[in-house]
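So the sequence shown is numbered by the working numbering: it starts at 1180 and just counts up by one. Below is one structure; the comments refer to it alone.
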Amino acid sequence: MMIDALTRALLRLYPEPFRRRFGRELLQIWRAEGDEARAASRLAAARHWTSWCFVTLYDALLRHLRPDPSRPSVPADRGALFTLDWIRRDAAFALRSLGRRPVWTLSVAGTLALGLGASIAIFSVVHDSLLRPLPFDDAASLVVVEALAPESRRSILASYPAYRSYRDAQEGLEGLDAWTTQHATVDLGDGPSRRWTATASSGLLRTLRVDPFLGRGFSAEDDRVGQAPVALISHRLWAEEMGRLSKGRGGAGDDGILGRTITVDEVQHTVVGVLPPGLAYPDGEVDLWLPLGGAPRGRGFYYLSMLGRLEDGVTPQQLTARFASFGPTMPNGPVDSPIDLVATPMRENLVGDLRPQLSLFLAAVATVLLIACLNATHLILIRALGRRRELALRAALGAGRGPLLRQLVVEGCALGLLGGILGTALAFGILEGLRSLGPEWMPRPEELGLDGTALAFAFGLSLALGALLGAATAVRATADDPSLGMTGARGEVGGGQRSRAALIVVQLAGAVVLLSTALLLVSSYRSIESRESGFDPGGTLMVDLDLPAGRYGTRQEQGAYYAQLLEELRSLPGVTAAAVASSHPFTFYINHGIELDGGQDDNTLASRVRLVSDGYPETTGLTVLEGRFVEERDGWNAVVVNATLARRLAPGGSAVGLRIKLRNIEPETWRTVVGVVADVEHYGRRAHWQHAMYVPAQGVPYPHPMTPLLRTEGDPLALGPSIRERILAVDPRVPAGTLVPLDDLLWRSKSEPRLRTTLLGGFGALALVLAMTGLYGVMAFWVADRGKEFGVRQALGANRAGIVGMVLLHALGRVGLGVGLGLALTWPALALVRHQIPDLAPAEPTLQGTAVLLLALTALLACWIPARRAAGVDPITALREE
C-alpha cells in the first residue's frame, strides 16, 4: 500500500497531458521494477526508490518546461541514464570545474557560509531550548503551578501552609508537589564543603516518573516533622565522591552507599537512595535531595515552587480556569488579597522568557540567509552567463537540456555543501561567543553545541539550498537561444537584468529592516547602560556563604557569628568597609505586606525587605537621598525605604517620620521611616522599580542567611585567600563558597539585552555587507557588459564625469527602490519586535534615518568603483573591437 501511494504521488508531479498519455504505463513499469528490487534485497529496494525519486523530480521539471509535455522523449536506456553513476560523473565534473575557478568558488561558498553559519547556530540554540525533548515520561502533562500577584503579575513563592492549602484543594492534577533549592554545608567524611541541595516533597519523583538508581525515594513519612533525617544523592556525587565507599563491595553497581550517614548543616542524614544519571530538574547542579520534614513551616517563609502532573484529558488552560473558580488566596501571605494561580507547561516555564527573543533571532537569521542566497545567486548567474558558449557547444554536440540542468544542479549542491562545511565551523565560533555573553540568557548555556541533530540540519539545509540555487540558475542559464552562445553574442538576453535588479532590491530592503532593528536594540541597550544602578559596585566583593542551620539555628547565634566575622574582615589590609545583608543588591528574598499608621488599609501594599548590618551604604555605595540609614541599635524601631516606596507612602511629601508595620511578624511594632535611599534595579535590571525597604538584621524575629560584602582597594579578588583564612578562623565548620565582584554580577544582569543587541547588531552588519557586496557585483557586471557602449559614448564626446554620473544614477535607482521597500517594512517589523520584547526603548524616526544614511553611504561606495571603471574604458580599444 505504501509503494502504491508513493508511485501515485510521484506520478502527480507530471503535467496532466503526460499523465493521461503515459501514466498507466509508468505505474506498471515502476511496480515491476520495484518488485524486482525488493526481491533482490532491502538495500537494493531502497537504492531503487531513491534513484526513482530523483529521476521523477528532474523529469517532471523538464516536462513542465517543455511546450508539449506529452511528447515522448524518454531515452531508450532510461535506467542507465538515471543511476548513481551519473551522479558520480556529474559530481566529479562539478568538482573539477569548481577547482579551476578557486576564487569564484570560495566567494560563493563563503557567501553561503555566512548565512548558513548564522542559521545553524540559531537552530542549535532553538533546538536545545525549545525542541529538545524533556527527559521525563509524558513530559507534556507536567505543569508548573505559580501564584501571580494581581497587579505586577510577578510570581510569588509559596510558604508551606500555602502549598498545603493548594495541594488539598487542587482538582485536575494527579498530585501537587513542592521544591526549593539552596546551598548547604555538607560533610562527606573529609571535611565540610558547600553543595547545591534540593528540598522536595515526597511525591516529586513520582510526579516526574523518575525511579531511583539505587535504593528508594522519599516516603510520605519523611515529610513529617520529627522523622529521622534522610537524603538522596545524585548519581554524579555517588560516582565521583562517594563511589570510593563501595569499591570493596562490588564496584559501581554495589549498593553499599545505602545506609551511610552524611552531615548536612550539622544534622546527620541517612542516605536512602541514589538518583538516576542525567536528572537535571529542578537543577542539574543539585548534589543532595532532602525531604520537607526539616524545612521551615512558618507562615512567613515563602520559598517553595510547585509542580504537578495533569490528569488525563485536562489541559493547562482548563486547570487555570478551575483555579480561578476556586478563588485561591495566599494563606498568611505577604499580600492578603486573592492571587491568581496559573498552570504553565514545564517547558514553557523553563524557556518562556526566551521564546520571544528566539523568534526574533529566527526572523533575523532567515533574512540574513535570504540575502546571502540572493548574493550567491548573483555570482552563479554571472558565471552561468559567462558559460553560455560552453553550454551551447555541449547542446550542439547532442546534450539535451535535461543533462545540462542536471549538471548545474549538481554544481549547486557541491557549492552548498562546501558552504555548509564553512558555515558549520562559523556556527561553532558563534556558539562559543554566545556562551561568553553571560549565563543568564538561557537555562543551560553550557550545553550549547553542535550535536547530531544540528549537524544533520546543517547538511540538509546546505544541500537543499545548493540544489535550489542550482536549479534556479540552471533554468535561467539554459533558457536562452544556444545560437547566441555559439556566435559569441554579448549582453544579457530576456529578463536577466530585470530579475537581477529585483534580487538586489530585495537584498537592500532586508538590510534596511535588519539595520533599523539592530539600531533599536543598540539604542535600548545604551539606555540601560546609562541608567543609574542606584549603587556603586566598583571594588565591592560578594562572599557566597551559608551558615549550617543545625549549628546556627537562632537569630542570636547567627548575629554573634556575623558580628565576629565582620570584625575579622574589616581588619584585613585593603578592606575599607564590610557589611552583611540578606541578599546582594540585585535580588530580594523576603517580601512582606505593609500597614501604614493612620493611612487607609491597603491589602495590596507590599515591599521587598533586605536585612542589613552597619556599614551597608559605605560598602555598596548606596545613595541616601533623605534622612539617615538604619543602624543595628535601631532594632525593631526604624526602617529605610527606597524612593519608589516613599512616593507611594507619601505622595508629594516626605516619607521620613511615617510609621509602618510589617504584616505577618509577631510580635510586630510600629517602625519609623528614618531615611530614603535611591532605587536599585533588581532581577537583572529588567524589572520596573519595586518597593524596597532596609531593616536592621536584628529587627526581625526569624533567622536568615546573610551575604558578606566587602569594599576593597584595587582588585577585590586579590584578597580571596586572606578572606577565606579569616572565615575559617571564625569557624572551621563554615566553608566559604565563591567570591564574586559586584561588577561581574552587574555584567551578568545585562546578559539578555547584551545577547540580543550583539546578535541583531551582528546580523544587521552582516546583512549590510552582503547587500553591498551584491550591489557591487551587479554593478561591476553591468559595467563590464556595457564596456563597448561606454567607449563609444566617450568617442562621441561624452566626458568621464557624465559616464560616472550615468552609472551612479543607474545604481541609485535600484538603491532607492530597495530603501523605499525597506522603510515600508520597517515600521511593522519594529512594532512586532516591541511586541515580542516589551522592555525596549521607544522607537524613534532617527533610527530609520540613521539606517538609510548608513546604507546610502555604503551603497555609494559600492557603486563608485564600478563607475570609475566605466569612465576608464579606452575609446580607441572599444571602437577597434566594435
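Beta carbons: idealized from backbone N, C-alpha and C, even for Gly. Everything numeric in this text was worked out from a predicted model, so none of it was measured.
- Taking 4 residues as the minimum length, the alpha helix (DSSP H) runs contained wholly in the region 1723–1779 are 1734–1749, in order along the chain.
- For the 7 Å CB-CB criterion, R1890 and A1756 form a contact.
- Counted as a single uninterrupted DSSP element, the alpha helix (DSSP H) harbouring P1900 occupies residues G1899 to V1909.
- Between the region 1282–1291 and the region 1445–1460, the count of Cβ pairs shorter than 8 Å is below three; the stretches do not touch.
- Within the same chain, D1776, W1849, R1850 and T1851 come within 7 Å of R1838 by CB-CB distance, once the 5 residues on both sides are set aside.
- In the structure shown, G1814 adopts coil according to DSSP, grouped into three states.
- Relative to Y1339, the option among A1522, E1747, A1980 and M1485 whose CA is nearest is M1485.
- With fewer than 16 other beta carbons inside 10 angstroms of its own, H2014 counts as exposed.
- Per the C-alpha coordinates, the member of R1534, D1910, T1386 and A2008 positioned closest to L1724 is D1910.
- Under DSSP, Q1869 takes part in no beta bridge, so it has no partner.
- Look at R1439 here: in three-state DSSP terms it is coil, with no helix or strand label.
- Between V1722 and L1918, the gap from beta carbon to beta carbon is short of 7 Å.
- Per DSSP, the continuous alpha helix (DSSP H) segment holding H1989 begins and ends at R1979 to Q2015.
- Annotated as distal: H1771 and V1791, with beta-carbon spacing of 7 Å or more.
- A1297 places its beta carbon less than 7 Å from that of V1547.
- Around the beta carbon of N1978, fewer than 16 other beta carbons lie within 10 angstroms, which makes this residue exposed.
- By the beta-carbon neighbour count (other beta carbons within 10 angstroms, threshold 16), I2044 is exposed.
- Three or more pairs of CB atoms, one per stretch, sit closer than 8 Å, so the region 1727–1737 contacts the region 1875–1886.
- Residue environment analysis places F1942 among the buried positions, since at least 16 neighbouring C-beta atoms fall within 10 angstroms of its C-beta.
- Contact between V1809 and V1835 fails: their C-beta atoms lie close to 12 Å from each other, not under 8 Å.
- Across the set A1542, I1982, G1832 and G1984, the C-alpha of A1542 shows the shortest separation from the C-alpha of L2011.
- In this chain, the beta strand (DSSP E) harbouring W1468 covers L1467 to P1470.
- Boundaries of the alpha helix (DSSP H) around W1926: L1921 to S1928.
- In the structure shown, A1379 adopts extended strand secondary structure according to DSSP, grouped into three states.
- Inter-segment contact for the region 1439–1455 and the region 1402–1414 is present: three or more beta-carbon pairs are separated by less than 8 Å.
- Contact between L2002 and L1687 does not hold, since the beta-carbon distance rounds to 11 Å and is not under 8 Å.
- Residues of the same chain with a CB within less than 7 Å of the CB of T2037, apart from the 5 flanking positions on each side, are L1947 and M1951 in chain order.
- The DSSP-derived three-state label of G1806 is strand.
- Distance from the CA of G1899 to the CA of Y1481, rounded to the nearest whole angstrom, comes to 33 Å.
- The DSSP-derived three-state label of A1326 is strand.
- Classified as exposed, F1272 has fewer than 16 neighbouring CB atoms from the shown chains inside 10 Å of its CB.
- In this structure, the beta-carbon distance from G1487 to L1584 does not fall below 7 Å.
- The beta-carbon separation of A1680 and R1993, rounded to 5 Å, stays under the 8 Å limit for a contact.
- Our two residues, E1215 and L1601, have alpha carbons roughly 42 Å apart in a direct line.
- Rounded to whole angstroms, the separation of the alpha carbons of L1954 and A1545 is 20 Å.
- Rounded to the nearest whole angstrom, the CA to CA distance from R1191 to R1198 is 8 Å.
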